[in-house]
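Number of protein chains: 2
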Amino acid sequence: MTTTEAPDGRRLTTRGAKTRARIVTAAAELMYVKGVGATTLDDVLAASGVSKSQLYHHFAGKDALVRAVVAHFGEHVIQRERDALGHVSTIAGLRRWRDALVQNNSLRHGAYGCALGSLASEVSDHDDLARRALAELFTEWQKLLTGVLRRLQDGGALPPEVAVDQLATGLMGALQGGYLLAQTARDVTPMATSIDMALAHIESLAAGHVESQERRS
Amino acid sequence: MTTTEAPDGRRLTTRGAKTRARIVTAAAELMYVKGVGATTLDDVLAASGVSKSQLYHHFAGKDALVRAVVAHFGEHVIQRERDALGHVSTIAGLRRWRDALVQNNSLRHGAYGCALGSLASEVSDHDDLARRALAELFTEWQKLLTGVLRRLQDGGALPPEVAVDQLATGLMGALQGGYLLAQTARDVTPMATSIDMALAHIESLAAGHVESQERRS
DNA sequence: CATGAAATGGACTATGTAGTCCAACCAGTG
DNA sequence: CACTGGTTGGACTACATAGTCCATTTCATG
Numbered sequence: 001m002t003t004t005e006a007p008d009g010r011r012l013t014t015r016g017a018k019t020r021a022r023i024v025t026a027a028a029e030l031m032y033v034k035g036v037g038a039t040t041l042d043d044v045l046a047a048s049g050v051s052k053s054q055l056y057h058h059f060a061g062k063d064a065l066v067r068a069v070v071a072h073f074g075e076h077v078i079q080r081e082r083d084a085l086g087h088v089s090t091i092a093g094l095r096r097w098r099d100a101l102v103q104n105n106s107l108r109h110g111a112y113g114c115a116l117g118s119l120a121s122e123v124s125d126h127d128d129l130a131r132r133a134l135a136e137l138f139t140e141w142q143k144l145l146t147g148v149l150r151r152l153q154d155g156g157a158l159p160p161e162v163a164v165d166q167l168a169t170g171l172m173g174a175l176q177g178g179y180l181l182a183q184t185a186r187d188v189t190p191m192a193t194s195i196d197m198a199l200a201h202i203e204s205l206a207a208g209h210v211e212s213q214e215r216r217s
Numbered sequence: 001m002t003t004t005e006a007p008d009g010r011r012l013t014t015r016g017a018k019t020r021a022r023i024v025t026a027a028a029e030l031m032y033v034k035g036v037g038a039t040t041l042d043d044v045l046a047a048s049g050v051s052k053s054q055l056y057h058h059f060a061g062k063d064a065l066v067r068a069v070v071a072h073f074g075e076h077v078i079q080r081e082r083d084a085l086g087h088v089s090t091i092a093g094l095r096r097w098r099d100a101l102v103q104n105n106s107l108r109h110g111a112y113g114c115a116l117g118s119l120a121s122e123v124s125d126h127d128d129l130a131r132r133a134l135a136e137l138f139t140e141w142q143k144l145l146t147g148v149l150r151r152l153q154d155g156g157a158l159p160p161e162v163a164v165d166q167l168a169t170g171l172m173g174a175l176q177g178g179y180l181l182a183q184t185a186r187d188v189t190p191m192a193t194s195i196d197m198a199l200a201h202i203e204s205l206a207a208g209h210v211e212s213q214e215r216r217s
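Just so you know, the protein sequences line up as chains D and R, in that order. Mapping of the first sequence onto the UniProt record's numbering: residues 1 to 217, in sequence order. Mapping of the second sequence onto the UniProt record's numbering: residues 1 to 217, in sequence order.
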């Protein structure tokens, strides 16, 4: 059993790392479903089958655990989105990305919303460190969208004067707002509609560009 | 002092109504700033200068108080939006509406987000009654947006085939998503950008329509 | 003014929850 | 094997918080 470096700098054996991971995954699940505030440490202990001293051995307190959960979801979501968006360079690909998110959310009828969005809403005005981490994650996610749009632009599907990063912000806003409306309505429809409007806007920019290209040639 | 009917059916003197209102406004302020979960009944008592028995005289428990807060913000927001949107029938008017929201949110650097959105995110998966109430409020808010878009359409600024209610959903999504991103970034910019994209889309539909009208004439 | 219902003050209880402490237990290393 | 530092179990404390209870006061109404 070799000791490695934990995220916070302390030494950690593989056994300890396993425990830590169990705590975080259990906490993440609970906090996603019940919310951060409604999740107690005892809940986490019961769900992970771990003793209190283990939890406090790995985390300074609930805030630290919440931050670990933020990081956990961050890695998960960014990984998923990197896989989904990393090589997309067509509007059809963007639509498939939309379909996957909508379908996934429809399995829960919109409940719980976006993991990052829900955490952000609950934590942003209470824990500044967590808020900053979430802001960075949103930025990173948005960068993936910007990448797609830039590839569209480079491929001539979008006119060069389009500000792709602002378009990505708009798309991200539509996505998060859609999650929230779907969560409240317990119905994915508003989420789908919201993203669709953003995509329709992007498509209209593309269509206008093609027309003008055709006129020029 | 005459007795009147309270929202929940019990009789209420004007004195009692005043106390009830003080409790709700104090609770609303606290829950907006600190979040629902982080607001304790003692907080509310301290802020409103009311005794515990008074609170329990008017509300069955914390859940009931939360629902009253939802109704309170609902009335407030819907009133504000009715004033702001009720007679708007131009895109310029829609832009002024956007400016007011953005400016108002910039005073807090985006903190706390939208009152209804924050409540919805925190309460939707925990209190079904509150969730339904919030869903209805969002619907009502959206109807005001639909009204504006329909007036645009009736005035010929938008083509008749545009589905104004879906456009309103998209606008609402962009608004709520924008609030969330701004809250997380502590910066209004993403909110402004997000709404701007929705408005740009609406404008592009309008512009396309005008062009085709001009071609026809 | 008499009366009863509404309204109020505030102590009290029960319980949940974050956090502490220490003794015991593994697992590599010299 | 002994030693050391990470790891674990779980009882324990301190405190916060939701909710209860009852005596008292205020006030609308006959």
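We put the CB at the ideal spot given by N, CA and C, even for glycine.
Cα atoms of Asp196 (chain R) and Thr146 (chain D): separation of roughly 17 Å, rounded to the nearest angstrom. Contact of Pro159 (chain D) with chain R is not assigned, every C-beta pair being separated by 9 Å or more.
Restricted to the region 46 to 74 of chain D, the alpha helix (DSSP H) segments that are unbroken, complete and at least 4 residues in length are 52 to 58, listed in chain order. Taking Arg131 (chain R) as the centre and dropping the five residues before and after it, the same chain places the C-beta of Val123 and Ser124 closer than 7 Å to its C-beta, in chain order. Pairing Ala115 (chain R) with Trp97 (chain R) gives a Cβ-Cβ distance that is not under 9 Å.
Within the region 103 to 137 of chain D, the residues whose Cβ lies closer than 8 Å to some Cβ of chain R are Ala111, Tyr112, Gly113, Gly117, Ser118, Ala120, Ser121, Glu122, Ser124, Asp125, His126, Arg131, Leu134 and Ala135, listed in chain order.
Per the Cβ contact rule, the region 139 to 154 of chain D is not in contact with the region 143 to 160 of chain R (fewer than 3 Cβ pairs under 8 Å). Residue-level contact by beta carbon fails for Ile91 (chain D) and chain R, as no gap is shorter than 9 Å.
Residue environment for Asn105 (chain D): buried (at least 16 other C-beta atoms within 10 angstroms of its C-beta). DSSP, reduced to helix, strand and coil, places Pro160 (chain R) outside both helices and strands of the structure shown, so it counts as coil. In this structure, the beta-carbon distance from Leu144 (chain D) to Ile202 (chain D) does not fall below 9 Å.
For Gly113 (chain D), no alpha helix (DSSP H) encloses it, and the DSSP letter there is neither H nor E. Taking 9 Å as the cut-off, the Cβ atoms of Val69 (chain D) and Ala27 (chain D) count as close. Lys34 (chain D) has a beta carbon lying within less than 9 Å of a beta carbon in chain R.
Distance from the CA of Asp187 (chain R) to the CA of Arg67 (chain D), rounded to the nearest whole angstrom, comes to 21 Å. Against Gln183 (chain D), the close residues of chain R are Ala120, Ser121, Ser124 and Asp125, in the order they occur along the chain (beta-carbon pairs closer than 8 Å). In the three-state reduction of the DSSP assignment, Gly173 (chain R) falls in the helix class. At a beta-carbon threshold of 8 Å, none of the residues of chain D lie near Met31 (chain R); the nearest stands roughly 11 Å away. Per DSSP, reduced to three states, the secondary structure at Arg150 (chain R) is helical. When the Cα atoms are used, Val33 (chain D) and Tyr179 (chain D) turn out to be separated by approximately 14 Å. Neighbours of Gln166 (chain D) in chain R, taken as residues whose beta carbon is under 8 Å from its own, are Thr193, Asp196 and Met197 in chain order. Under the three-state reduction of DSSP, Ala182 (chain R) is assigned to helix. Going by DSSP, Ser106 (chain R) is part of the alpha helix (DSSP H) stretching over Ile91 to Ser106.
Listed along chain R, the residues sitting closer than 9 Å to Gly37 (chain D) by beta-carbon distance are Gly35, Val36, Gly37, Ala38 and Glu122.
Within 10 angstroms of the beta-carbon of Pro190 (chain R) lie 16 or more other beta-carbons, which makes it buried.
If you draw a straight line from the Cα of His58 (chain D) to the Cα of Leu55 (chain R), it is about 41 Å long. R:Glu136 is the residue among R:Glu136, R:Ser53 and R:Gly110 whose C-alpha sits nearest the C-alpha of Ala182 (chain D). Contact of Ala200 (chain D) with chain R is assigned, a C-beta pair being separated by under 9 Å. By the neighbour-count criterion, in which 16 or more other beta carbons inside 10 Å mark a residue as buried, Gln79 (chain D) falls on the exposed side. In chain order, Asp63, Val66 and Arg67 place their CB closer than 8 Å to the CB of Asp127 (chain R), counting only its own chain and leaving out the 5 sequence neighbours on each side. Note that the C-beta distance between Gly93 (chain D) and Ser121 (chain R) is not below 9 Å. Of R:Met31, R:Leu45, R:Thr13 and R:Leu12, the smallest CA-CA separation from Arg22 (chain R) is found for R:Leu45.
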